[in-house]
Amino acid sequence: MGHPLSTRLLRALRGPAALLLTAGLLAAGATTPTRAAQPSAEPPGLSVAPKTGADGRRTWVFRDSHGRETTLRGFNVSGSTKLYENGLLPFRSTADAARSAQAMRDLTGANAVRFLITWEGVQPAPDRIDTGYLDRAAAQVRQFTDRGFHVLLDYHQDLYSSHLFHRGSWYTGDGAPKWVVDGGGYPRESCGVCVMWGQNMLTNKAVRQAAYDFWHNRTITTEAGEVAVQDAYLHQAKAAMTHLRRVLPTSSFRAIAGFDAFNEPYDGGLDGATGARWEKDQLLPFHQRFRAAMDEAGWRDKPVFAEPLVFWNTGFLEQGGFTETGPLGPRYVFNSHYYDGARMTVDPTPAGDGAYAAATGRIRDRAAELATAPFVSEFGHRMTGWGSDRGPWMTRAMYQGMDHGTRGAGWWKDPAASGDVLSGTHWHWDVYSGRHREAMNGNPDKILTEGDAWNDEDHSVVTSADDGTVRLRLDRRALDRLYPTAVSGDTLAFAYEDMARSGYAGEGGEAGGGEAGGREEAWLRPPSQLPGVARLLEGGRQFGVLVWRGSPDAAGAPTALHLPASFRPADTVVAGDVASVRGLPDSGSGSGPVSVDREEGSATANRLLIEPTGGDGVHVALVVGSGAGEVSEAELSAAARELTDWKEAAFG
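76 is the number of the first residue of the sequence shown in my numbering; add one for each residue after it.
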């Protein structure tokens, strides 16, 4: 009664990063048709494997069945899974899933999605698994795997369950089914003085007690008899995985990267322990039990994407991060989220070059200590509301941090220190953004239509036009990025200058012809010691640099980089020690060591292919996009010599 902040301000401050910010506040383009011309071949299966970096450090990365180091980049599909209007699935129909998958592949070159499902959807009653729900999920998953995507399945929850919240509540949740909440007998929920939904995890007794019961496997009474809550969760997970393995074609199942066992775990009560000790005593055993369920369901070759305590990297009152569990090993993936809590609430400063180098470096370091690969399954920023004016470059800086853990201004001086390229999925991609009709907590008087239609969030980087065309809401250059999808050997360093503008897409979205607002600024400028390289980059051109070590074990398949739409093949320049060309020839016999080919499953997107070099030598390739005048043979040769000398000096 009588909240001290206005409703307008409350809505401005809410968002997915709210759960990361709670502790801090307490402490202080038009797409092509929706059907691909031909379904693609399935993506090669992935594994987690070790590698030795340029500095001699041992890390773990994803590798495909050809032994190539693989980077996964894409989006979450989607927060619509939290909505009953969508049947607790990302899409209302298989056709919408196809439309979304095709647009994502064509507009961004993404090769991965985190596909959300919920416990409530799978097990609506204690004695029933809804195979119809799983069949609909499988049909939607296939729209992505048929277009060359890797799919990370995710059991999503926020604040444990929507059924903890009453019709008049300011907030809602998602995850656990009604019968679990009814069996728990929880008090009427109340967040108290909350300005963001994540605070419920710390101050809402009903939410905290429900989470505590889950981690302690409380036995509850249901219409089907007594049930231990965590046991029931693992039972339905095993049943779901068994069913999905049976109904998905072999090619689609092969494209499943793994399973995120529990989104954003929080404790509900530490019993006097630290967060790190709670992870060791409660969270890790749960992940191990989920691992066993995967093995029993026929998912033995796929890792658990294990999330730590959600507050581990909030920047405020941090706890956790699997610091006391010991190594996880390659049957698990260190699965972190990252949101800039400070800039989403109290910090008015913009994000610029290197803003997230330390944060992403910390994720890399934690994974290396845990002897497994890192994955950032959520990152991003709100599209509207307080602080959203700084969002485009916050997004740009997050992608930069995932490409390399150093400032662009210093990358050329010490590229070996930049760390592995991080895989991740942006939050999020919702083709229904701004077009929802969700009765919040079942209340017909609270019909939500704006943004994500969930706790006043608005994070989707896309929306749909009246004709169903998917349109980007950010500058396409921030999302359609050059990145090494598969490297024949080991990636030693990678950096990309996207030149994305600091504003949002214009009328109709940038993909539909509207230009992004704001200004451009280069963050990755070549040093004066490389004048030939600088000449190729004049005029604010987009470019990327890849340094890699060849490997005889990966000599059967080419190195591949996604080529953004702004890199027109006829105008794209490649310079390096493997080959230097002006204009990319089509792939095929006689095309030479560098060529262009269509991305699998895409109608328009391209990939750059570099033939395998064999051996274990170190190689470099500079890839320069469109936008400048003619490049002479002499200029190209000069740049190639400079790059080769630079590579030798930096990597020995």
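Heads up, the beta-carbon is just placed ideally off N, CA and C, and yes, glycines get one too.
Those residues which DSSP pairs with residue i across a bridge
i, result
"T134", "K126"
"L638", "N681"
"F454", "Y413"
"F150", "V188 and H501"
"E144", "R138 and V562"
"L523", "E513"
"A381", "F409"
"Y571", "G619"
"P449", "F409"
"H534", "Answer by DSSP bridge pairing: none, since H534 is not bridged."
"L549", "Y579"
"H225", "A187"
"A713", "In DSSP, A713 forms no bridge with anything."
"F334", "L228 and V379"
"D672", "R682"
"S539", "V545"
"L697", "V620 and A650"
"R211", "Per DSSP, none; premise fails for R211."
"R657", "V648"
Rounded C-alpha distance that separates residue i from residue j
i, j, result
"A713", "T325", "49 Å"
"L182", "S493", "28 Å"
"A102", "W504", "Reliability of the predicted coordinates at A102 is poor, the pLDDT of 34 falling under 50, and no value is obtained from them."
"E160", "R217", "22 Å"
"I295", "A372", "26 Å"
"V197", "Y208", "6 Å"
"S577", "P467", "5 Å"
"R548", "V620", "27 Å"
"A430", "G476", "8 Å"
"G259", "R180", "43 Å"
"E399", "G460", "38 Å"
"F328", "A213", "10 Å"
"R439", "M276", "27 Å"
"A310", "A368", "As written in the sequence, residue 310 is His, which differs from the Ala given in the question. Rounded to the nearest angstrom, the two C-alpha atoms are 8 Å apart."
"A286", "D342", "6 Å"
"A637", "A696", "Note on residue identity: the sequence assigns His, not Ala, to residue 637. Cα-Cα distance, rounded: 14 Å."
"V537", "K355", "39 Å"
"E639", "T481", "Contrary to the premise, residue 639 reads as Pro rather than Glu in this sequence. Rounded to whole angstroms, P639 to T481 spans 23 Å at the Cα level."
"A568", "T560", "14 Å"
"V622", "Y474", "18 Å"
"D370", "D541", "45 Å"
"A414", "G667", "The sequence given here places Tyr at residue 414; Ala does not occur at that position. Spanning the two alpha carbons is a distance of roughly 43 Å."
"T297", "W254", "7 Å"
"R321", "A678", "30 Å"
"C266", "D257", "19 Å"
Burial state of residue i (16 or more Cβ within 10 Å)
i, result
"I522", "exposed"
"V136", "buried"
"D527", "buried"
"G625", "buried"
"S707", "exposed"
"G184", "buried"
"R510", "exposed"
"A709", "exposed"
"V268", "exposed"
"T156", "buried"
"R543", "As written in the sequence, residue 543 is Gly, which differs from the Arg given in the question. Exposed: under 16 other Cβ atoms inside 10 Å."
"K488", "exposed"
"R174", "buried"
"E590", "exposed"
"A580", "buried"
"P601", "buried"
"T146", "buried"
Check: residue i C-beta below 7 Å from any heavy atom of the ligand MG
i, result
"G243", "Among the components of this structure there are no ligands whatsoever, and the ligand MG is therefore not found."
Count the C-beta pairs between the region 709–727 and the region 635–646 that are closer than 8 Å, then say yes if the count reaches three, no if not. no
When the Cβ atoms of the region 653–668 are set against those of the region 601–611, are three or more pairs found closer than 8 Å? no
For the region 166–175 against the region 235–250, are there 3 or more C-beta pairs whose distance is under 8 Å? no
Count Cβ pairs between the region 528–536 and the region 664–680 that sit closer than 8 Å; are there 3 or more? no
Could you say if the region 309–318 and the region 201–217 meet the contact criterion of at least three C-beta pairs nearer than 8 Å? yes
Whole beta strand (DSSP E) elements within the region 573–634, 3-residue minimum: 618–625
Are the region 592–604 and the region 563–579 touching, with three or more C-beta to C-beta distances below 8 Å? yes
On the three-pair Cβ rule with 8 Å, is the region 227–237 touching the region 338–346? yes
Can you find at least 3 beta carbon pairs, one from the region 295–304 and one from the region 355–370, that sit closer than 8 Å? no
At least three beta-carbon pairs within less than 8 Å, the region 371–385 to the region 420–430: no
Should the region 121–134 be called in touch with the region 395–415, which here means at least 3 C-beta pairs below 8 Å? yes
Is it a yes or a no for the region 397–406 touching the region 435–448, going by three-plus beta-carbon pairs under 8 Å? yes
Segments assigned alpha helix (DSSP H), at least 4 residues, entirely inside the region 236–311: 253–259, 275–278 and 280–290
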